[in-house]
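Taking my numbering, the leading residue of the sequence shown gets 64, the next gets one more, and so forth.
Just so you know, even glycine gets a beta-carbon here, dropped at the ideal spot from N, CA and C.
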Amino acid sequence: MAKVIALSNQKGGVGKTTTAYNFGAELGKRGYRVLLVDFDSQGNLTKGSGIAAGKNIDDIEETIATSIDACIAGEAISVPVYKLSAGLSIVPCNISMAKTKMELSLALARETMLMRCLKQVKNDYDYIIIDTAPSLDIDLINAFVASDEIIITSTPDAFSTSGTRALMKSFRQIADNLNPTLKIAGVLITEADQRTNFARDMIRGIKSAWESDVKVFNTVIPLSVRVRESQAAGKTIAEYENKNAAAVAYALFTDEYLKEYGEDRKDA
Ligand code: ADP
Ligand code: MG
C-alpha cells in the first residue's frame, strides 16, 4: 500500500510543486510506482507535467475535483489517472477545484474526502505525492488527513521560515485531533543561491532554528533558471538537463529521503 506524502508550506513560491514533480520522478526512476496528486486549483503541477501540452488545463474535465465532488455527493468515486512515464502518473487539478473547495468546506465529514478518494488507488502505488496549495484551509486539512508524512519546502528567507512556523502549528492541531500517525519527514531547502552569503547564513539559521524539532534535509536544492525552463517544456529538470545542479540535487535528495525513511516498498 502506498505511503502518502504531502508537500507543503503555507507560503507560495517555495518549491512545493517543483519538488513534488522532480522527487516523484526520481522515485519513479528507482523502480517505485508513483502517483502525483495535484491538489492546488492553480494546477501548476498539471501544467508542468505536460499532460495538457498546447491546451488550457482548465479544459481538462476529469480532475481530483471530480473525485471529491462525487465523494461529497455520496456517489461512486473514480480517480482520473494520467500516465506520464513508466513509474509516474498524475491526477490533475485545475480551476474547478476552487468551486469544489467551497462545497467541501460545508460538507459532512469534510476533512476525510481526499483520504477516501485516495483509498481507491492506494494499492496500485508505492508512493502518492500530494502537491498542496499555499493555504491553511480545508484543502490542506484534507491533504494532512490523507497523508502519512509531510515534507515542508522552504526557501532560505525570513517569510518562508514564518510560513514553516505557521504550518507546524496546523500540523500539531491536525495530528492531535484528526491523524495521530502523521509525521513531518523534514524540511527541504529549495531555490538557494548558495553563492550569496545571505543564503548561506539563512540556511545555517534554518538548520539551527529547526533541527531540535524537525529534520532539516542535508541536501539543499540550488537555484537554477533551467528549472523554470524545464517546467515550461513540461519536463523534469533531469530530463531537461541531466547534469544541472538542481537535477543532481533532486536525485541526491531522493537518495537521502530513501536512506532515512524508505522501506522496500517495491516488495511491500
Ligand atoms: P510553490 O509550489 O511552493 O508555489 P514552485 O515549485 O511553483 O513553488 O516554485 C515557484 C517558482 O520558482 C516557479 O516559477 C518555479 O519554476 C521556480 N523554481 C522552483 N524551484 C526552483 C529552483 N531550484 N531554481 C529556480 N527556480 C525554481
Ligand atoms: Mg505550487
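Residue i lies in the alpha helix (DSSP H); which residues open and close that run?
| i | result |
| --- | --- |
| Ser159 | Ser159 to Leu167 |
| Leu321 | Ala308 to Tyr324 |
| Ser293 | Val288 to Ala295 |
| Asn107 | Asn107 to Ser112 |
| Gly94 | Here Gly94 belongs to no alpha helix (DSSP H), and DSSP marks it neither H nor E. |
Using a threshold of 8 Å, state whether the C-beta atoms of residue i and residue j are closer than that.
| i | j | result |
| --- | --- | --- |
| Ser130 | Ser141 | yes |
| Gln73 | Pro219 | no |
| Ile201 | Ser168 | yes |
| Leu98 | Ala83 | no |
| Ala128 | Met160 | yes |
| Val67 | Ala209 | yes |
| Pro101 | Asp194 | According to the sequence displayed, residue 101 carries Asp and not Pro. Yes, the Cβ-Cβ distance between Asp101 and Asp194 is below 8 Å. |
| Ile114 | Tyr145 | yes |
| Glu166 | Pro143 | no |
| Ala88 | Ala301 | yes |
| Ala312 | Arg289 | no |
| Asp103 | Cys180 | no |
| Ser225 | Leu199 | no |
| Gly94 | Gly137 | no |
| Asn307 | Ser275 | no |
Closest to residue i by C-alpha separation, out of the options, would be which residue?
| i | options | result |
| --- | --- | --- |
| Gly297 | Gly78, Ile68 and Asn107 | Asn107 |
| Lys92 | Ala314, Tyr324 and Glu319 | Ala314 |
| Lys322 | Leu90, Gln105, Asp211 and Ala69 | Leu90 |
| Ile192 | Val77, Asp264, Ala69 and Asn281 | Ala69 |
| Ser223 | Thr299, Val250, Tyr320 and Ile237 | Val250 |
| Thr81 | Val184, Val144, Ile215 and Tyr324 | Ile215 |
| Tyr320 | Ile213, Val144 and Ser217 | Ile213 |
| Ser293 | Met64, Ala65, Asn85 and Lys79 | Asn85 |
| Met64 | Met176, Arg96 and Asp239 | Arg96 |
| Asn281 | Phe316, Asp187 and Asp132 | Phe316 |
| Val277 | Glu138, Arg235 and Gly325 | Arg235 |
| Asp239 | Ser217, Arg263 and Ile204 | Ile204 |
| Lys19 | Asn260, Glu304, Ser217 and Arg291 | Since the first residue of the chain shown is 64 and the last is 331, residue 19 is not available in this structure. |
| Gly75 | Gln183, Ile123, Asp122 and Thr227 | Thr227 |
| Ala221 | Asp318, Met176 and Met265 | Met265 |
| Ala262 | Pro285, Trp273 and Lys185 | Pro285 |
| Gly78 | Lys118, Arg291 and Ala272 | Arg291 |
| Ala139 | Lys182, Ile123 and Gln105 | Lys182 |
Could you tell me how far apart the beta carbons of residue i and residue j are, in whole angstroms, since I believe they sit closer than 8 Å?
| i | j | result |
| --- | --- | --- |
| Ile252 | Val283 | 5 Å |
| Ser71 | Ala206 | 7 Å |
| Leu245 | Asp211 | 7 Å |
| Ile153 | Thr109 | 7 Å |
| Glu174 | Leu241 | 6 Å |
| Asp187 | Thr163 | Not a contact, Cβ separation roughly 23 Å. |
Grab the span of the beta strand (DSSP E) containing residue i for me, first residue to last.
| i | result |
| --- | --- |
| Asp276 | Where Asp276 is concerned, there is no enclosing beta strand (DSSP E), given that its DSSP letter is neither H nor E. |
| Tyr145 | Tyr145 to Ser148 |
| Ser152 | Leu151 to Val154 |
| Ile300 | Note, Ile300: premise wrong, no beta strand (DSSP E); alpha helix (DSSP H) at Ile300 to Tyr303. |
| Ile131 | Not the beta strand (DSSP E): Ile131 falls in the alpha helix (DSSP H), residues Ile127 to Ala136. |
| Leu98 | Val97 to Phe102 |
| Ala69 | Lys66 to Ser71 |
Segments assigned alpha helix (DSSP H), at least 4 residues, entirely inside the region 183-247: 201-209 and 221-240
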